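Peer 1: Quick note, our numbering runs 180 ahead of the 1-based positions in the sequence shown. C-beta: ideal position from N, C-alpha, C; glycine also. Being a predicted model, the structure only gives us computed values, none of them experimental.
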Amino acid sequence: VKPAVEPAKEVVVEVDADDISERLLKSIDDHLGERNKTELKRVDGFHPSYTNQCARYWVYLFRGVEVENTFAPQTHRIFDNGHAVHERIYSYLRAMNILESEEIPVSLDDPPISGTADGIINFDGK
Numbered sequence: 181v182k183p184a185v186e187p188a189k190e191v192v193v194e195v196d197a198d199d200i201s202e203r204l205l206k207s208i209d210d211h212l213g214e215r216n217k218t219e220l221k222r223v224d225g226f227h228p229s230y231t232n233q234c235a236r237y238w239v240y241l242f243r244g245v246e247v248e249n250t251f252a253p254q255t256h257r258i259f260d261n262g263h264a265v266h267e268r269i270y271s272y273l274r275a276m277n278i279l280e281s282e283e284i285p286v287s288l289d290d291p292p293i294s295g296t297a298d299g300i301i302n303f304d305g306k
């Protein structure tokens, strides 16, 4: 008696894991590189995140200047990790019902300073 269906033959495919890893990493890097775009930046006050900039750059920022972002893929990963940690901590504080407010605008008129505070929590009544 012959079986109705022949058993499948074993197919062996050799995979070069290093090559696949390198190609995947390059694809991710290329994707992250697409985030680099030219954009118009204009500020209405000094921002703490820009404190390392020279006076000339500040003049450009106050007047408005086109800036081309040239962040390396690794820098985008660092930013993404920071944003994810930020959101994770917010989620803990929200779940604990102690996060009163988040991303609160903070400004000063003279000298003009503006930015945001990460959040306000009410922990132990303080």
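In three-state terms, what does DSSP make of ASP226?
Peer 2: Before going on, a small fix: residue 226 reads as Phe here, not Asp. Note: PHE226 maps to strand in three-state DSSP.
Peer 1: For PRO285 and ILE293, I'd like the C-alpha separation in whole angstroms.
Peer 2: Their backbone Cα atoms lie some 11 Å apart in a straight line.
Peer 1: So is HIS263 buried or exposed if we call it buried at 16+ other beta carbons inside 10 Å?
Peer 2: HIS263 comes out exposed.
Peer 1: Is HIS256 buried or exposed, if buried means 16 or more other CB atoms sit within 10 Å of its CB?
Peer 2: Burial call: buried.
Peer 1: Taking the CB atoms as reference points, tell me whether ILE300 and GLU280 lie closer together than 8 Å.
Peer 2: Against a cut-off of 8 Å, the Cβ pair of GLU280 and ILE300 comes out as a contact.
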